[in-house]
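Peer 1: Residue numbers (this note's numbering): 144 to 576.
(1) Can you list, in chain order, the residues of its chain whose CB lies under 6 Å from that of residue 212, leaving out five sequence neighbours each side?
(2) Please list, in chain order, all residues of the same chain as residue 520 whose beta carbon is under 8 Å from its beta carbon, the five residues on each side excluded.
(3) Of the choices 423, 260, 317, whose alpha-carbon is the least far from that of residue 345?
(4) According to DSSP, simplified to helix, strand and coil, what is residue 537?
(5) Let's see if you can read the secondary structure: which residues bound the alpha helix (DSSP H) around residue 625?
(6) From the DSSP output, in three-state form, read off residue 296 for me.
(7) Helix, strand or coil: how does DSSP classify residue 562 here?
(8) Taking all protein chains shown into account, decide if residue 290 is buried (16 or more other Cβ within 10 angstroms of its Cβ) or exposed.
(9) Across the stretch 315–324 and the stretch 376–384, are there enough close Cβ pairs to call them in contact, namely three or more that are closer than 8 Å?
(10) Since residue 370 contacts residue 333 with CB under 8 Å, what's their CB separation in whole angstroms?
(11) So, are the CB atoms of residue 353 and residue 421 less than 7 Å apart?
(12) Report the rounded CA-to-CA distance for residue 327 versus residue 357, giving the unit in angstroms.
(13) If you measure between the beta carbons of residue 266 and residue 162, is that distance less than 7 Å?
(14) Less than 8 Å between C-beta atoms, sequence neighbours within five positions excluded: which residues of the same chain meet that for residue 276?
(15) For the alpha helix (DSSP H) containing residue 352, list its first residue and its last residue.
(16) Helix, strand or coil: which one does DSSP assign to residue 205?
(17) On the CB-based measure, 16 or more other CB atoms within 10 Å of its CB, does residue 313 come out buried or exposed?
(18) Which residues in the same chain as residue 311 place their Cβ atom closer than 6 Å to its Cβ, once the five residues preceding and following it in sequence are excluded?
(19) Taking the Cβ atom as the reference point for each residue, do residue 172 and residue 389 lie within a distance shorter than 7 Å?
(20) By alpha-carbon positions, which one of 550, 535, 541 ends up nearest to residue 566?
(21) Look up residue 531 in the DSSP assignment and give the residues it is bridged to.
(22) Relative to the C-alpha of residue 539, which candidate in 548, 283, 348 has its C-alpha closest?
(23) Rounded to the nearest angstrom, what separates residue 546 and residue 157 at their Cα positions?
(24) Could you tell me which residues DSSP puts in a beta bridge with residue 548?
(25) With DSSP run on the structure shown, which of helix, strand or coil describes residue 567?
(26) On the DSSP bridge assignment, give the partners of residue 577 in chain order.
(27) Residue 400 and residue 195 - do their beta-carbons sit closer together than 7 Å?
(28) Have a look at residue 268 and residue 386 and give me their C-alpha separation to the nearest angstrom.
(29) Buried or exposed: which applies to residue 393, given that a residue is buried once 16 or more other Cβ atoms fall within 10 Å of its Cβ?
(30) Please tell me whether residue 408 and residue 360 are closer than 7 Å, where the distance is taken between their beta carbons.
(31) Once DSSP output is grouped into helix, strand and coil, what is the label at residue 525?
(32) Do you know how far the Cα of residue 391 is from the Cα of residue 350?
(33) So residue 192 packs on residue 403, CB below 8 Å; how close in whole Å?
(34) Which of the three DSSP states is assigned to residue 249 in this structure?
(35) Give me the Cα-Cα distance between residue 398 and residue 563, rounded to the nearest whole angstrom.
(36) Suppose the cutoff is 6 Å on Cβ atoms and the five residues either side in sequence are ignored; what does the same chain contact list for residue 113 look like?
The following block contains the structure:
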């Protein structure tokens, strides 16, 4: 597959930039994973809120770095593909040197080879993103149905209880509390107009203290604006689905998010036992919860770990998987550092700088510059033989920055350029005083 078949330079640049960004984001992800490991090591010295803030900041920073990497790679590719090597000298007609022709042709050959692989890489990446985007859209539609379908307003007593809890937590926005026939567990949906859904019958089956603890947990999500953050986090996971470090950090964020809300709920209710019993009761109701809702049972961290943390018996040491991840990230960081500190030998020697060296005939030169210039002068296309610039690419011929006809361009390619189908970017400038 040749990228030239797409007949557009923009797609060429875009594919190369995305491919390079994907590759760079993998080693960049090692750094963010190592940072996450350090946070876990300090778990016993930090609160859930601090860990959540640090992990969320790391994910946002990584996303920004990935975006900047893409912009940088796009500009680099644009400079390479659109570069215009020039050799302008006074008193001599200087053509491209052998060094410049060899470096340019070899560089473009390498670009073509990489781009061929990048096409498949980017197509797979885009295909998976489309699938995940459809799944997310379906999930959002399901959430919309939960807010509108088979719901009944909660009793006035619970609305008053929720209002009192809002004042204690610091929630000032208007919130709806309804019972849902579709929701399996208590959850909060929405950011601008949040709605707390309670499974029908759950309120009547649980003691008042446990229901208050459940409502306090959901209000904590609203107070912390977790629905919006979770939505942005889901978008990041879709785009960077291939990066294991991002997925791991994201799972840690979800775990700490639930821990933060647990802490707020326990502080407000003042009864750990009732809250733990509420968690267990809600777990029994859970079957399937949409990913983009804020459910009491959460999707980060097991119920047992949350209970242990609440009662203060969960050990702060890392488990085997976390230790393995940190070790692998540390080794990868060392390897990457070593790789970037090694200076590879120069592939090309420096270009000759003296006029005499540059004026030597070029053996096997790709573009017959002298013959081409003579032909164009005979055609009266070069008004001043002492000062002119000729540029020829695969797509066009320019004389003194003016684009020539497609017919003339094809004629020059066929007559004076070897392998005209290969990538070409030839410039010859003359200035004689």
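No residue lacks a Cβ here, since even glycine has one placed at the ideal position from N, Cα and C. Fair warning: this is a prediction, and the values are worked out from it, not measured in the lab.
Peer 2: Once the coordinates are examined:
(1) Walking along the chain shown from the start, residue 212 turns up at place 69. For residue 212, where only same-chain residues beyond five positions count, the Cβ hits under 6 Å are 164, 167.
(2) To locate residue 520, count along the chain shown from 1; it is residue 377. Hits under 8 Å: 528.
(3) As a working mapping, residue 345 is identified with position 202 in the chain shown. Nearest C-alpha to residue 345: 423.
(4) Here residue 537 refers to the residue found at position 394 of the chain shown. In this structure, residue 537 counts as coil in the three-state DSSP scheme.
(5) The question about residue 625 has no answer here: the residues shown for the chain are numbered 144 through 576.
(6) If you number the chain shown from 1, residue 296 lands on position 153. Strand at residue 296.
(7) As a first step, residue 562 must be located in the chain shown, where it is residue number 419. Note: residue 562 maps to coil in three-state DSSP.
(8) Within the chain shown, residue 290 is the residue found at index 147, counting from 1. Per the 10 Å Cβ criterion, buried.
(9) no
(10) Taking the chain shown and counting its residues from 1, the one referred to as residue 370 is at position 227. Taking the chain shown and counting its residues from 1, the one referred to as residue 333 is at position 190. Indeed they touch by this definition, with Cβ atoms about 6 Å apart.
(11) Within the chain shown, the letter at position 210 stands for residue 353. Within the chain shown, the letter at position 278 stands for residue 421. Yes, these two residues count as a Cβ contact at 7 Å.
(12) Locating residue 327 in the chain shown gives position 184, counting from the first residue. Locating residue 357 in the chain shown gives position 214, counting from the first residue. When rounded, the distance between both Cα atoms is 14 Å.
(13) Residue numbering aside, residue 266 sits at position 123 when the chain shown is read from its first letter. Residue numbering aside, residue 162 sits at position 19 when the chain shown is read from its first letter. Contact flag unset, no.
(14) Here residue 276 corresponds to residue number 133 of the chain shown, with the count starting at 1. Around residue 276: 381.
(15) In the chain shown, counting from the first residue as 1, residue 352 sits at position 209. 351–366 is the extent of the alpha helix (DSSP H) around residue 352.
(16) Along the chain shown, one-based indexing puts residue 205 at 62. Note: residue 205 maps to helix in three-state DSSP.
(17) Mapped onto the chain shown, residue 313 falls at position 170. That one is exposed.
(18) On the chain shown, residue 311 is found 168 positions in, with the first residue counted as 1. Answer for residue 311: 411, listed in chain order.
(19) Counted from its first residue, the chain shown places residue 172 at position 29. Counted from its first residue, the chain shown places residue 389 at position 246. Cβ atoms of residue 172 and residue 389: closer than 7 Å.
(20) The residue you call residue 566 lines up with position 423 of the chain shown. When only C-alpha atoms are compared, the closest one is 535.
(21) Start at 1 with the first residue of the chain shown, and residue 531 comes out as number 388. 573.
(22) Here residue 539 refers to the residue found at position 396 of the chain shown. Comparing Cα positions, the closest option is 548.
(23) In the chain shown, the residue the question calls residue 546 occupies position 403. In the chain shown, the residue the question calls residue 157 occupies position 14. Approximately 25 Å between the Cα atoms of the pair.
(24) For this step, residue 548 is matched to residue 405 along the chain shown. Looking at the DSSP assignment, residue 548 forms no beta bridge with any residue, so it has no partner.
(25) Taking the chain shown and counting its residues from 1, one reaches residue 567 at position 424. Three-state result, residue 567: coil.
(26) Given a span of 144 to 576 for the chain in the structure shown, any question on residue 577 remains unanswerable.
(27) Position 52 of the chain shown, counting from 1, holds the residue named residue 195. Position 257 of the chain shown, counting from 1, holds the residue named residue 400. Yes. Within cutoff.
(28) Locating residue 268 in the chain shown gives position 125, where the first residue counts as 1. Locating residue 386 in the chain shown gives position 243, where the first residue counts as 1. Distance between the alpha carbons of residue 268 and residue 386: 11 Å.
(29) Residue mapping note: residue 393 aligns to position 250 of the chain shown, counting from 1. By the neighbour-count rule (16 or more Cβ atoms within 10 Å), residue 393 is buried.
(30) Along the chain shown, read from residue 1 onward, the residue named residue 408 stands at position 265. Along the chain shown, read from residue 1 onward, the residue named residue 360 stands at position 217. Cβ atoms of residue 408 and residue 360: closer than 7 Å.
(31) Walking along the chain shown from the start, residue 525 turns up at place 382. Coil.
(32) Position 207 of the chain shown, counted from the start, is the residue given in the question as residue 350. Position 248 of the chain shown, counted from the start, is the residue given in the question as residue 391. Cα to Cα, the separation comes out at about 37 Å.
(33) The count along the chain shown starts at 1 and reaches residue 192 at position 49. The count along the chain shown starts at 1 and reaches residue 403 at position 260. About 5 Å; that satisfies the 8 Å criterion.
(34) For the purposes of this step, residue 249 is taken as the residue at position 106 of the chain shown. Residue placement at residue 249 is poorly supported in this model, since its pLDDT is 45, which falls under 50; the coordinates still yield a value, given next. Here residue 249 sits in helix by DSSP.
(35) As a position in the chain shown, residue 398 is number 255, starting the count at 1. As a position in the chain shown, residue 563 is number 420, starting the count at 1. Rounded to whole angstroms, residue 398 to residue 563 spans 59 Å at the Cα level.
(36) Past the boundaries of the shown model lies residue 113; the chain is included only from 144 to 576, so the question cannot be answered.
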